[in-house]
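One structure is given here, and the rest of the page talks about it.
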Amino acid sequence: VDTGVVDMDFQQEPDNILWCVLADGTLAALTYNRERGVVAWVPHEIGGPDAFVETVAVISAPDGRRDDVWFVVRRTINGATVRYVEVLEDNRLVEVDTADAFYGDAGITYDGASAKIIAGLGHLEGATVQVLADGSAHADRVVTGGQITLNRFATKVQIGFDSPAQLQTMRADGGAQDGTSQTRSKSFGEVWARLRHTIGGLIGPTFDRLDPIPGLKPSNPVGTPPALFSGDRKIEFPADLGTDGYICVQSSPMLPMTLVALTARMEVND
5 VDTGVVDMDF
15 QQEPDNILWC
25 VLADGTLAAL
35 TYNRERGVVA
45 WVPHEIGGPD
55 AFVETVAVIS
65 APDGRRDDVW
75 FVVRRTINGA
85 TVRYVEVLED
95 NRLVEVDTAD
105 AFYGDAGITY
115 DGASAKIIAG
125 LGHLEGATVQ
135 VLADGSAHAD
145 RVVTGGQITL
155 NRFATKVQIG
165 FDSPAQLQTM
175 RADGGAQDGT
185 SQTRSKSFGE
195 VWARLRHTIG
205 GLIGPTFDRL
215 DPIPGLKPSN
225 PVGTPPALFS
235 GDRKIEFPAD
245 LGTDGYICVQ
255 SSPMLPMTLV
265 ALTARMEVND
């Protein structure tokens, strides 16, 4: 399939991003800020089975404080082909309250009296959805009869298809005694992840070998949302003597994560 651009629009606030719809139904975004030396492309995957983006439009938000990004997404729901108009939520809402974190596609928010049965999900009938209840992770649920039943009461619930953010570093090159370490066996003894406004997260040498980033306090009561973390986390990396030297990072389902920097101690087998 030709993956050329079939539609695009430019978002100016809060960030300068050129959103491009590709012919295969995926998204590519160009973050553009010449003043800070940032010109970078990144693919964006849409959550949910058979999601296919058809068009994009950038429209000023009603309060005029940001540009909202809207998509028409073709989906297969309960065996039928549907098209939904979906808007990209403001990721900064999580800074006000973790319960406002919204990282699910084709999703909705329940905000009301304490409840376990959440209705109004007919547009996701038959689908397995991811859930965030009062800012805390919740087990997946299958929408039946336009509703789901939670395992605990909650007043604010985010429901949708998760699409985890992923980062894979370039092949590491720390040097060797007689030249480059590119083709040498290498491993990381420890890795430091600098995070901002983050809950959870996974890290490892490959996406098939991810471990949770340490951080959740054992004393935190079940169902109580953990606090947003900003700072450095030390990770004892699993032994891996390959020649690639990758570090792979992935967000936890429906939870916020901003990775600022990675610092690693690498051992090279000369």
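Once you know that position 140 of the sequence shown is 144 in the numbering used here, the rest is easy, because the numbers rise by one and skip nothing. C-beta: ideal position from N, C-alpha, C; glycine also.
From the DSSP output, which residues share a beta bridge with residue i?
i, result
"residue 202", "233"
"residue 84", "81"
"residue 261", "According to DSSP, residue 261 bridges with nothing at all."
"residue 114", "161"
"residue 64", "71"
"residue 92", "BP columns for residue 92 are empty, so no partner."
"residue 216", "206"
"residue 76", "59, 89"
"residue 267", "196"
"residue 240", "194"
"residue 104", "In the DSSP output, where bridge partners are listed per residue, residue 104 has none listed."
"residue 132", "146"
"residue 211", "None; residue 211 has no bridge partner."
Residue i to residue j, Cα distance in whole Å?
i, j, result
"residue 175", "residue 208", "14 angstroms"
"residue 195", "residue 38", "31 angstroms"
"residue 88", "residue 109", "11 angstroms"
"residue 83", "residue 74", "25 angstroms"
"residue 197", "residue 247", "22 angstroms"
"residue 237", "residue 66", "39 angstroms"
"residue 97", "residue 189", "43 angstroms"
"residue 154", "residue 131", "15 angstroms"
"residue 143", "residue 119", "16 angstroms"
"residue 3", "residue 243", "No answer is possible for residue 3: the residues shown for the chain start at 5 and end at 274."
"residue 252", "residue 210", "6 angstroms"
"residue 58", "residue 91", "14 angstroms"
"residue 151", "residue 55", "21 angstroms"
"residue 116", "residue 249", "48 angstroms"
"residue 259", "residue 204", "7 angstroms"
"residue 76", "residue 15", "17 angstroms"
"residue 268", "residue 81", "43 angstroms"
"residue 146", "residue 79", "17 angstroms"
"residue 241", "residue 217", "10 angstroms"
"residue 214", "residue 266", "16 angstroms"
"residue 8", "residue 156", "46 angstroms"
"residue 40", "residue 13", "22 angstroms"
Go ahead and label residue i buried or exposed: buried means 16 or more other beta carbons lie within 10 angstroms of its beta carbon, across all protein chains shown.
i, result
"residue 21", "buried"
"residue 172", "exposed"
"residue 121", "exposed"
"residue 71", "buried"
"residue 46", "exposed"
Please determine, among the options, the residue with the shortest C-alpha to C-alpha distance to residue i.
i, options, result
"residue 23", "229, 32, 238", "32"
"residue 129", "67, 52, 229", "52"
"residue 257", "80, 101, 106", "106"
"residue 200", "59, 262, 46", "262"
"residue 148", "92, 157, 133", "133"
"residue 18", "58, 63, 69, 54", "69"
"residue 202", "272, 169, 211", "169"
"residue 124", "157, 164, 66, 97", "164"
"residue 192", "271, 114, 152, 266", "271"
"residue 64", "55, 80, 93", "93"
"residue 273", "177, 78, 12, 29", "177"
"residue 113", "136, 72, 167", "136"
"residue 138", "214, 230, 49, 28", "230"
"residue 232", "102, 206, 158, 28", "102"
"residue 86", "126, 117, 61", "126"
"residue 159", "206, 104, 146", "104"
"residue 27", "235, 10, 157, 240", "10"
"residue 29", "241, 41, 50, 13", "50"
"residue 111", "215, 166, 95, 255", "166"
Quick one: is residue i near chain B, going by C-beta distance under 9 angstroms?
i, result
"residue 80", "No chain B is part of this structure, which consists of one protein chain only."
### Task
Could you name each continuous beta strand (DSSP E) segment of 3 residues or more that falls completely within the region 21 to 58, going from the start of the chain to the end?
21 to 26, 31 to 37, 42 to 48
#### Entry: 4 or more residues per run - each alpha helix (DSSP H) lying fully within the region 137 to 174
none
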